[in-house]
Structures are given as C-alpha cells and as structure tokens.
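Engineer: Supplied in structure tokens, the structure appears directly below.
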Amino acid sequence: MNVAKIQEFQKMIQDIKNDIVEVHQDPDGILEIEINGHLRVQKIRINLKVNDQKLEETLPGLINSSIESVSLKIKRLIEVYQKNQ
C-alpha cells in the first residue's frame with residue numbers, strides 16, 4: 009500500500025468512528041449507555057431505584073458488550089471498504 013492509500017484508509021476509519029453512536033440497555037432497564045465509535049461512553053443513565061450491588065454487577069458487563077458491539081460494527085465496515093478496493 010502506498011502512503012496515499014494508507015492515509016485514505018485512516019481517514020475512512022476516522023469517518024466511520026465519527027458516524028457511530030449506539031445506545032445499549034441492560035435487560036432489566038437499570039442502565040442505559042450511549043457509546044460512540046471511538047469507544048467513549050457519552051452518557052450513562054441509571055435507574056435511581058437500583059442498589060449499589062446490582063449496579064456494580066450490571067455496569068461492567070454492559071460496558072463490555074457495548075464496546076464489543078461497536079468494535080464489530082467498525083470491523084464490518086472496514087471489511088466492506090477493503091472488499092471494494
């Protein structure tokens with residue numbers, strides 16, 4: 009790959025990341041997380057009636073699954089881009 013192609017590919021990845029925003033919620037409706045394509049949590053909404061223990065049990069799993077979902081979406085978009093090149 010030449011330098012121009014690499015730079016084009018890097019820009020494409022950044023554009024993809026900028027366009028992705030996903031909202032994930034746990035099955036019990038305790039937490040809702042908004043995460044972007046840069047894998048940054050933008051917002052967290054927490055049910056005020058939840059106790060600390062349940063929050064500690066739920067939050068890590070929801071963050072992990074949100075990151076995995078966004079990462080897979082980025083991967084699929086990169087694969088489509090590569091096929092078209």
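For the sequence shown, counting from 1, position 78 maps to 86 in the working numbering; every step adds exactly one.
Positions of the beta carbon are idealized from the N, C-alpha and C atoms, including for glycine.
Note that the structure is predicted; figures quoted are calculated from it, not measured.
1. What alpha helix (DSSP H) runs, 4 residues minimum, are completely inside the segment 42-92?
2. Give the DSSP bridge partners of V31, in chain order.
3. From R53 to I41, what distance separates their C-alpha atoms?
4. What would DSSP say about K26, mapped onto helix, strand or coil?
5. Count the other CB atoms, across all protein chains shown, that sit within 10 Å of the CB of G69; report buried if there are 16 or more and exposed otherwise.
6. Quick one: Cα of K25 to Cα of S73, how far?
7. Closest by CA to K81, which one among E64, H46 and V58?
Structural biologist: Looking at the coordinates:
1. 60-91
2. Locating residue 31 in the sequence shown gives position 23, where the first residue counts as 1. V31 pairs with E42.
3. As a working note, residue 53 is residue 45 in the sequence shown. As a working note, residue 41 is residue 33 in the sequence shown. For R53 and I41, the distance between alpha carbons rounds to 6 Å.
4. On the sequence shown, residue 26 is found 18 positions in, with the first residue counted as 1. It is Asn, not Lys, that sits at residue 26 in the sequence shown. If DSSP states are grouped into helix, strand and coil, N26 belongs with the helices.
5. On the sequence shown, position 61 is the one that residue 69 refers to. Under this definition G69 is an exposed residue.
6. Counted from its first residue, the sequence shown places residue 25 at position 17. Counted from its first residue, the sequence shown places residue 73 at position 65. Going by the C-alpha atoms only, they are around 17 Å apart.
7. By 1-based counting over the sequence shown, the position of residue 81 is 73. Ranking E64, H46 and V58 by Cα distance to K81 puts H46 first.
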